[in-house]
Amino acid sequence: MNNEVRVRFAPSPTGYLHLGSLRTALFNYLFARHNNGKFILRIEDTDQSRKVEGAVENLINILNEMGLNYDEGPGVGGELGPYFQSERLEIYKKYCDELLANGHAYYAFETAEELDEMRKVQQMQGKQTMYDRRARVLTENEVKEKLASGIPHVIRLKVPLDTEIRFTDIIRGNVKIETNLVDDQVLLKSDGFPTYHLANVIDDHLMQITHIIRGEEWLTSVPKHIILYNAFGWEIPKMAHVPLILNPDKTKLSKRQGDVATEDYLKKGYLKEALLNFMTLLGWNPGEGEEKEIFTKAELIEKFSIERVNSAGAVFNVEKLNWMNGEYIKNYDIDSLTVLIIPYLNAGGIDTSDLIKTKRVIFAIRSYISKLDEAAEQAKLYYSDVTLTGEHIEIVKSETSIQVFDALAKKIEAITEITTDNFKPVLSEVQKETGVKGKNLFMPVRLALTGEEHGPELGMIAYVLGREEVLKRLRKLL
RNA sequence: GCUCCCAUCGACUAGGGGUUAGGUCAUCACUCUUUCACAGUGGAAACACGGGUUCGAAUCCCGUUGGGAGCGCCA
349 MNNEVRVRFA
359 PSPTGYLHLG
369 SLRTALFNYL
379 FARHNNGKFI
389 LRIEDTDQSR
399 KVEGAVENLI
409 NILNEMGLNY
419 DEGPGVGGEL
429 GPYFQSERLE
439 IYKKYCDELL
449 ANGHAYYAFE
459 TAEELDEMRK
469 VQQMQGKQTM
479 YDRRARVLTE
489 NEVKEKLASG
499 IPHVIRLKVP
509 LDTEIRFTDI
519 IRGNVKIETN
529 LVDDQVLLKS
539 DGFPTYHLAN
549 VIDDHLMQIT
559 HIIRGEEWLT
569 SVPKHIILYN
579 AFGWEIPKMA
589 HVPLILNPDK
599 TKLSKRQGDV
609 ATEDYLKKGY
619 LKEALLNFMT
629 LLGWNPGEGE
639 EKEIFTKAEL
649 IEKFSIERVN
659 SAGAVFNVEK
669 LNWMNGEYIK
679 NYDIDSLTVL
689 IIPYLNAGGI
699 DTSDLIKTKR
709 VIFAIRSYIS
719 KLDEAAEQAK
729 LYYSDVTLTG
739 EHIEIVKSET
749 SIQVFDALAK
759 KIEAITEITT
769 DNFKPVLSEV
779 QKETGVKGKN
789 LFMPVRLALT
799 GEEHGPELGM
809 IAYVLGREEV
819 LKRLRKLL
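The first sequence lines up with residues 349 to 826 when you count with the working numbering.
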């Protein structure tokens, strides 16, 4: 039981689930499931100024929708809660006092303006911008006085000087940094809320997290965390900093260059299975000569290992996602796919009350679309009336075309039902009878049935339209 | 600017001292379909550079260059 793997996804509720966060959550989830461990959701809502209404609910919804269900966290409970950091303020306060008492932290009283000024000077001198630790020299009495007079204050980490911090990251190997370059990070803000660094370390320890799997952007703050673990005398969890997801120009994936919210992709008609599959393969792969690209969730869980996560960032390539999504659509269970597509057809103004027809249409269009939101456009020709323009009218009105339509209509009247493969033989017979062949035969029929020069094969179109509709469209031109 | 991280086709990646450097997306050609797609076949396409170590380096080491991230009382 004590060796149980416990990982967490610890987002701050910004109102949507960023694709980068989705992948971090995904890796945590896969790692937990692979190891029969626990996947915990913790909400990092310590920034009062960035509160967003409904953000937490939205986050939980998306996580559930994506099938990344967690074992402990908001809504499902757990022994080591609460799982909202805003409800754990007392805990942070207590541990911060401990740090103060042991000399690992100290009070500081600078204003935001003073700190800005300090950084400006450092920048000009070509130094790393960081707190100059000036409040360290305050005497006990000076501190007492300032506290008594009610000057706003923060509590900062007292970084041990002139030494270095080394740690091993599962993905990156050994990393080291001199402590003189580590900032005396603010631990407790003047509003009494903890910063990420304090809350994160305390919660990970208290929630018995064994592996911290998070984005690469946290790598440089690991030394601060290690100093904290050491100050508390706690065991340091294993760490894995996963590479970033990049824009095509290799910068960190950002809103400015396209959609970054998971819900946007869902809305556009990417299947969650495809999205999961694709995101997992961004920065990870099963290796060992595996040449498959499509994996079920169960397969991913079985094969996933954090050691095989790449160390370099990965560009988010929508084209490959499109391809993969198309693969999923082509192979999806037709009934399930129908349920998923109907809303998109309705949104495109298509009446789906005839379920039999709807299913036929979906069967016909599934290999033509890579996203669900393309469905209505592809389905249109099976619903709307045919309107011909310009030279199409001439083609349809030509003498041979009329002969073809007439012969074809008669043949169809003689059969009871059009199937996916009895339409072509009928056309062949028409060809024999009328002597019209090639483009002169097929194009008029195509135009008569769809009004378009291009489209699916005629047999499929005729099957989906059905006998009555085909006859109707032919007769209209006679 | 400073610190840290990273480096195989355009993109995602496999490989990890001796390989014709493999696969997928995209791209190109051909085939199929008398349409467009789908599908199939084939092609073009990469080890950033320079030094070492070694009989041998894309692979190990160092450096250079390039890219990224971090440097908040945000997370």
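Glycine residues also receive a C-beta, built at the ideal position from the N, C-alpha and C atoms.
Problem set entry | Reduced DSSP category for Lys386 - H, G, I as helix; E, B as strand; rest coil | In the three-state reduction of the DSSP assignment, Lys386 falls in the strand class.
Exercise. What is the DSSP secondary structure of Met349, counted as helix, strand or coil?
Worked result: At Met349, the pLDDT of 48 sits below 50, so the modelled position is not reliable; the number obtained from the coordinates is stated separately. The answer is coil: DSSP assigns Met349 none of H, G, I, E or B.
For this session: Count the other C-beta atoms from every protein chain shown that fall within 10 angstroms of the C-beta of Ile519, then say buried if there are 16 or more, exposed otherwise.
Result: buried
Exercise. How long is the line joining the alpha carbons of Met349 and Asp552, rounded to whole angstroms?
Worked result: With a pLDDT of 48 at Met349, under the threshold of 50, the modelled position of that residue is not reliable, and no figure is offered here.
Exercise. Taking the DSSP output, what are the residues bridged to Ala662?
Worked result: Ile593
For this session: May I ask you to report which of helix, strand or coil DSSP gives Leu619?
Result: Leu619 falls in the coil class under three-state DSSP.
Problem set entry | Lys537 (DSSP reduced to helix, strand or coil) | coil
For this session: Compare the C-alpha of Val523 against each of Gly498, Leu688 and Ser569 and name the closest.
Result: Ser569
For this session: Note the first and the last residue of the continuous alpha helix (DSSP H) segment covering Asp769.
Result: For Asp769, there is no enclosing alpha helix (DSSP H), as DSSP gives it neither H nor E.
Exercise. Less than 9 Å separating the beta-carbons of Leu367 and Val608?
Worked result: It is a contact, given that the beta carbons lie within the stated cut-off.
For this session: Go through its chain and collect everything with a Cβ distance to Glu621's Cβ below 8 Å, but skip five positions before and after it.
Result: Thr644, Lys645 and Tyr676
Exercise. The beta strand (DSSP E) with Arg504 in it runs from where to where?
Worked result: Val502 to Leu505
Problem set entry | Own chain partners of Arg467 with C-beta closer than 6 Å, once the 5 adjacent residues on each side are dropped | Thr477
For this session: Taking only the alpha-carbon atoms, compute the straight-line gap between Ala373 and Leu416 and give it to the nearest angstrom.
Result: 8 Å
For this session: Please classify Glu420: does DSSP put it in a helix, a strand, or coil?
Result: Here Glu420 sits in strand by DSSP.
Exercise. So, do the region 702-713 and the region 806-813 have three or more beta carbon pairs nearer to each other than 8 Å?
Worked result: Yes, they touch.
For this session: Taking 8 Å as the threshold, find out whether the region 743-759 comes into contact with the region 713-727 through three or more Cβ pairs.
Result: no
For this session: For Val404, I'd like the list of residues in its chain whose CB is within less than 7 Å of its CB, leaving aside the five on either flank, ordered along the chain.
Result: Spatial neighbours of Val404 in its own chain (CB-CB distance under 7 Å, excluding positions within 5 residues in sequence) are listed in chain order as Pro361, Ile391 and Pro422.
For this session: Using three-state DSSP, classify Ile525 as helix, strand or coil.
Result: Looking at Ile525 - three-state DSSP - the assignment turns out to be strand.
Problem set entry | Enclosing beta strand (DSSP E) for Thr516 [first to last residue] | For Thr516, the uninterrupted beta strand (DSSP E) run begins and ends at Glu512 to Asp517, by DSSP.
For this session: Classify Ala810 as helix, strand or coil using the three-state DSSP reduction.
Result: helix
Exercise. Which residue from Lys603, Ile750, Gln605 and Ile513 puts its Cα closest to that of Ile574?
Worked result: Ile513
Problem set entry | Cβ contact check for the region 650-661 and the region 576-593: 3 or more pairs under 8 Å | yes
Exercise. Considering His740, what are the terminal residues of the alpha helix (DSSP H) in which it resides?
Worked result: Gly738 to Lys745
Problem set entry | Rounded straight-line distance, which links the Cα of Glu564 to that of Lys598 | 14 Å
For this session: Can you give me the Cβ contacts of Thr767 inside the same chain, cut-off strictly under 8 Å, excluding the 5 residues immediately before and after it?
Result: Tyr811
For this session: Give every residue of the same chain whose Cβ lies closer than 6 Å to the Cβ of Asp539, excluding the five residues on either side of it in the sequence, and list them in chain order.
Result: none
Exercise. Which term fits Val835, buried or exposed, when burial requires 16 or more other beta carbons within 10 angstroms of its beta carbon?
Worked result: Lying outside 349 to 826, the shown extent of the chain, residue 835 is not represented and no answer is given.
Exercise. What are the partner residues of Tyr455, as DSSP defines its beta bridges?
Worked result: Ile503
For this session: Thinking Val507 and Leu536 are a contact (beta carbons under 8 Å), I'd like their distance in whole angstroms, please.
Result: Contact doesn't hold; Cβ gap of about 16 Å is too wide.
For this session: Would you please state the rounded distance, in angstroms, between the beta carbons of Phe387 and Tyr364? I believe it to be under 8 Å.
Result: About 21 Å; that fails the 8 Å criterion.
Exercise. What's the gap between the Cα of Asn376 and the Cα of Glu725?
Worked result: Using only the alpha carbons, I get a separation of about 38 Å.
Problem set entry | C-alpha gap between His802 and Glu817, whole angstroms | Roughly 19 Å between the two C-alpha positions.
Exercise. So, is Ser701 buried or exposed, given that buried needs 16 or more other C-beta atoms within 10 angstroms?
Worked result: exposed
Problem set entry | Beta-carbon separation (whole angstroms), Leu736 vs Gly696, contact threshold 8 Å | The Cβ separation is near 22 Å, so there is no contact.
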